[in-house]
Amino acid sequence: MNDVVSLGVGSVAGAVVSELLKVVIEEAKMVVSFKSVYMELASTMEDVLPAVIEIEMLQGAGELKKLKDIIDEALVLVRKCSQVKRWNLPSKAKYTRKIEEINKKVLKFCQIQLQLIMLRNQRLIMHQSGIFSYMSMPLEGSTMMSDILPEDTREAIESHLKNISKKIDGLSVYPPVYRDLCSVPMLDKVLVGLDLPLLEIKTKLFKDDDPVVSLVVSAPPGCGKTTLVTQLCHDDEIKEKFEYIFFCVMSSAPTFRTIVQNLLQHNGYEAPTFENDSQAADGLRNLLEELQEEGPILLVLDDVCQGADSFLQKFQINILNFKILVTSRFEFPSFGPTCHMNPLGDEDAKFLLIEKASLRHL
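Each residue of the sequence shown is one higher than the last, beginning at 1 in UniProt numbering.
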């Protein structure tokens, strides 16, 4: 926890639970960049507040220690959320998940502990009022409090408890996110004559004295550039060295913004509509910084067209353990060194032709 957050939490540490709830509600409503914060969490806590106030009036906040711990945690998260920039999508996704978990904790507390506390309060009120013997008060008598509390208070609490009940029923209902957007394609071709170029690429990527960060695999049409790079991504040594391998085909995602959106959604994040490439670049950087904490990243950009130098430079983000591999008919000297593929030799071409012919007759 940073100094600003810890100082802020300390200032309300001595507050009763209801006052702490009011602080969280007020601050959560100000974090408009997080829908789950300013709508879901604030709404849940507003529903809890009347019941908490009633409990504090009757027997103090001692029964609410567990809820107070949850609210303390929520306050820390809300203040961290307020410091997250709008386009820091990985951080937004991370904190959104944490806020959702806090919301679940509050609802689950209301589902069991809060109901029991309120039931005990009702028994205590009725016992002190001489309406029923405390020991003979039935568990099913929770609704009997309607005869004791003022009507407006009772109706408000009942309304909020109904809202909480609906939210509990809706727990864990989240829309599915399609994620298979940047996966490495399966190998469905006969591999012939690729051993040497495969070794050359691996050597350039991992040579000890001067490993490359960006590499272009260039060759005329039909030489097997995509097949070679696909084989590389399935290589055991490559999969061991890279925690993440992303494969983006330029013909299916022609713009920088679309590719960044696909990468975000592939990794389970929301795919926003970027207003410009600068915002998309920030989104890509934030994603890569988040992922590289878990291990090295390889990004393949397949079938890049001529004159795409400025396009490729947008991907060149200075992040540790991040490499880019490009396939193209053309070279891009400003982007990185080129690994040239030669057409298959006569023997390999003849073998491949025979294999393809035999497969067609199966």
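Every residue gets a Cβ at the ideal spot worked out from N, C-alpha and C, and that includes glycine.
Return no unless some Cβ of chain C is closer than 7 Å to the Cβ of Pro185.
-> Absent here is chain C; the protein component of the structure consists of one chain.
Gly295 and Val216 look like a contact to me (Cβ under 8 Å); what is the Cβ gap, rounded to whole Å?
-> Not quite, the Cβ-Cβ distance comes to about 24 Å (not below 8 Å), so this is no contact.
With DSSP collapsed to three states, give me the class of Ser142.
-> For Ser142, the predicted structure reports a pLDDT of 42, less than 50, and the residue's modelled location is therefore unreliable. The matter cannot be settled from this model.
Going by CA-CA distance only, name the one from Asn276, Ser251 and Phe246 that's closest to Met263.
-> Note that residue 263 is Leu in the sequence shown here, rather than Met. When each option's Cα is compared against that of Leu263, the closest is Phe246.
Short Cβ contact (7 Å threshold) for Cys182 with Cys248 = yes
Report the residue from Tyr95, Arg79 and Ser18 whose alpha carbon sits nearest the alpha carbon of Ile53.
-> Ser18
Which parts of the segment 297–338 are runs of the beta strand (DSSP E), unbroken and 3 residues or longer, counting only runs that do not cross its ends?
-> Counting whole runs of 3 or more residues, the segment 297–338 contains the beta strand (DSSP E) stretches 297–304 and 322–328.
Under a three-way DSSP split, which group does Tyr244 fall into?
-> Under the three-state reduction of DSSP, Tyr244 is assigned to strand.
Of all the options His340, Thr338, Asn318 and Gly283, which has the alpha carbon lying nearest to the alpha carbon of Lys85?
-> Gly283
DSSP three-state assignment for Val84, whether helix, strand or coil | coil
Spatial neighbours of Glu237 within its chain, please: CB distance less than 8 Å, with the 5 preceding and 5 following residues excluded, ordered by chain position.
-> Lys202
Identity of the residue in Leu77, Pro333, Ile71 and Leu287 nearest Thr96 by Cα | Nearest neighbour of Thr96 by Cα position, chosen from Leu77, Pro333, Ile71 and Leu287, turns out to be Leu77.
Hey, would you say Lys323 sits closer than 7 Å to Val213, going by beta carbons?
-> yes
How many angstroms separate the CA atom of Met45 from the CA atom of Ser252?
-> Each residue's alpha carbon lies about 45 Å from the other.
Identify the residues that DSSP records as bridge partners of Ser278: which are they?
-> In DSSP, Ser278 forms no bridge with anything.
Residue(s) in a DSSP beta bridge with Ser218 | Ser328 and His340
Which partner residues does Val249 have in the DSSP bridge list?
-> Asp302
Where do the ends of the alpha helix (DSSP H) carrying Ala28 lie?
-> Val17 to Ala28
In angstroms with no decimal places, state the Cα-to-Cα distance between Gly275 and Pro90.
-> Just to set this straight, residue 275 is Glu in the shown sequence, not Gly. About 18 Å.
Best match in Glu73, Asp303 and Thr327 for proximity to Asn103 [C-alpha to C-alpha] = Glu73
Helix, strand or coil for Phe109, going by three-state DSSP, please let me know.
-> helix
Grab me the residues of Leu232's own chain with a C-beta within less than 8 Å of its C-beta, minus the 5 sequence neighbours each way, in chain order.
-> By the criterion of a C-beta distance shorter than 8 Å, Leu232 is surrounded in its chain by Leu198, Ile201, Lys202, Ile238 and Leu325, once the five residues flanking it on both sides are discounted.
Taking the Cβ atom as the reference point for each residue, do Val24 and Ile71 lie within a distance shorter than 7 Å?
-> yes
Classify Pro272 as helix, strand or coil using the three-state DSSP reduction.
-> Secondary structure of Pro272 (DSSP, three-state): coil.
Reduced DSSP secondary structure (H/G/I, E/B, other) of Met57 = helix
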